[in-house]
Amino acid sequence: MSVSKREKYSVKDLLNDLKKIEPSPSVLSKIGTELIYFEWSCCESELGSDHAVTKHLGDLLEFAQSGFEKRLVSGEFWRAKDTPRSALNEFAKGRPDEFLSHTLRRAPDYIYGLLKQAAKSRKKEIKEYKKVQRKIKKEIKADPDNPELWNQLRLLLWITGDYAESSKAFQTAKKLGWTSDATYLVAL
0 MSVSKREKYS
10 VKDLLNDLKK
20 IEPSPSVLSK
30 IGTELIYFEW
40 SCCESELGSD
50 HAVTKHLGDL
60 LEFAQSGFEK
70 RLVSGEFWRA
80 KDTPRSALNE
90 FAKGRPDEFL
100 SHTLRRAPDY
110 IYGLLKQAAK
120 SRKKEIKEYK
130 KVQRKIKKEI
140 KADPDNPELW
150 NQLRLLLWIT
160 GDYAESSKAF
170 QTAKKLGWTS
180 DATYLVAL
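First residue of the sequence shown? That's 0 in numbering that gives the first Met the number 0, and the numbers climb one at a time after it.
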């Protein structure tokens with residue numbers, strides 16, 4: 000989960016470092032708020048809202064602040080191969096080189112510090128969610144036919160990086176009748 004210090008950061012460098020961290024929605028949202036919004040805002044004022052880099056930074060901002068979480072909560076990430084890394088790869092796929100090679104304006108030390116903090120937050124988050132995971136497993140033992148509990152377990156397993164078990168929990172939740180339309184969980 001370590002990230003390398005760089006002399007400059009491009010969008011592609013940022014995405015590659017985020018893949019190493021395997022961010023949860025909350026960690027990625029923080030990066031969106033503290034870094035991507037600034038970059039998008041600078042590009043919008045300097046290049047204009049119609050410029051390709053500005054548009055793609057806007058897409059990245061939306062993905063970081065809400066799109067990633069929505070896809071997870073709605074059940075789009077349910078297979079063992081659906082990881083934060085694969086979601087970031089999918090986001091970058093087909094994006095123009097002009098966007099991916101765009102040098103971020105924030106100071107490299109600031110970006111590096113933010114990424115180090117994100118990695119630290121991610122480790123702490125995994126530890127905390129594993130505790131919650133144990134509680135949900137106890138609840139499932141008491142109520143094994145509850146699709147909402149299985150869905151909650153799926154999300155906890157996914158966030159802690161256990162993608163294969165998360166996929167199994169999702170399949171169980173679906174068998175028991177879970178749907179994204181009927182769930183009471185709307186965000187993490």
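Even for Gly, the Cβ is constructed at its ideal location relative to N, Cα and C.
C-alpha gap between residue i and residue j, whole angstroms
{"i": "GLU164", "j": "LEU156", "result": "7 Å"}
{"i": "LEU34", "j": "LYS167", "result": "35 Å"}
{"i": "LEU152", "j": "ARG121", "result": "18 Å"}
{"i": "HIS101", "j": "GLN170", "result": "40 Å"}
{"i": "PHE76", "j": "ASP142", "result": "25 Å"}
{"i": "PHE67", "j": "PHE98", "result": "20 Å"}
{"i": "ALA51", "j": "GLY57", "result": "10 Å"}
{"i": "LYS136", "j": "GLU43", "result": "47 Å"}
{"i": "ILE158", "j": "ILE20", "result": "12 Å"}
{"i": "GLU89", "j": "ASN150", "result": "24 Å"}
{"i": "LYS174", "j": "ALA106", "result": "49 Å"}
{"i": "LEU14", "j": "ASP49", "result": "23 Å"}
{"i": "LEU103", "j": "GLY160", "result": "29 Å"}
{"i": "SER73", "j": "SER3", "result": "33 Å"}
{"i": "LYS11", "j": "ASP144", "result": "44 Å"}
For residue i, the three-state DSSP class (helix, strand or coil)
{"i": "THR178", "result": "coil"}
{"i": "THR102", "result": "strand"}
{"i": "PHE76", "result": "coil"}
{"i": "LYS173", "result": "helix"}
{"i": "ASN190", "result": "For the chain, the structure presents residues 0 to 187; residue 190 sits outside this window and is missing."}
{"i": "GLY93", "result": "coil"}
{"i": "VAL131", "result": "helix"}
{"i": "SER1", "result": "coil"}
{"i": "GLY112", "result": "helix"}
{"i": "ASN150", "result": "helix"}
{"i": "PRO107", "result": "helix"}
{"i": "PRO143", "result": "coil"}
{"i": "VAL185", "result": "Residue confidence is low: VAL185 scores 48 on pLDDT, short of 50, so the model does not pin down where it sits. Its coordinate-derived value is still stated next. Here VAL185 sits in coil by DSSP."}
{"i": "LYS167", "result": "helix"}
Assigned exposure category for residue i - 16 Cβ within 10 Å defines buried
{"i": "GLU38", "result": "buried"}
{"i": "THR178", "result": "exposed"}
{"i": "PRO22", "result": "buried"}
{"i": "GLU190", "result": "Outside the shown range of the chain (0 to 187) lies residue 190, about which nothing can therefore be said."}
{"i": "GLU45", "result": "exposed"}
{"i": "ALA181", "result": "exposed"}
{"i": "PRO83", "result": "buried"}
{"i": "ASP16", "result": "buried"}
{"i": "TYR162", "result": "buried"}
{"i": "PRO24", "result": "buried"}
{"i": "ASP108", "result": "exposed"}
Min CB distance residue i to chain C below 8 Å
{"i": "GLY31", "result": "Checking the listed chains, one finds no chain C in this structure; it contains a single protein chain."}
Just to confirm the assignment: which complete beta strand (DSSP E) runs, minimum length 3, are found wholly within the segment 6-67? none
For the segment 17-30 against the segment 104-117, are there 3 or more C-beta pairs whose distance is under 8 Å? yes
Report yes or no: do three or more beta-carbon pairs, one from the segment 37-52 and one from the segment 74-92, lie closer than 8 Å? no
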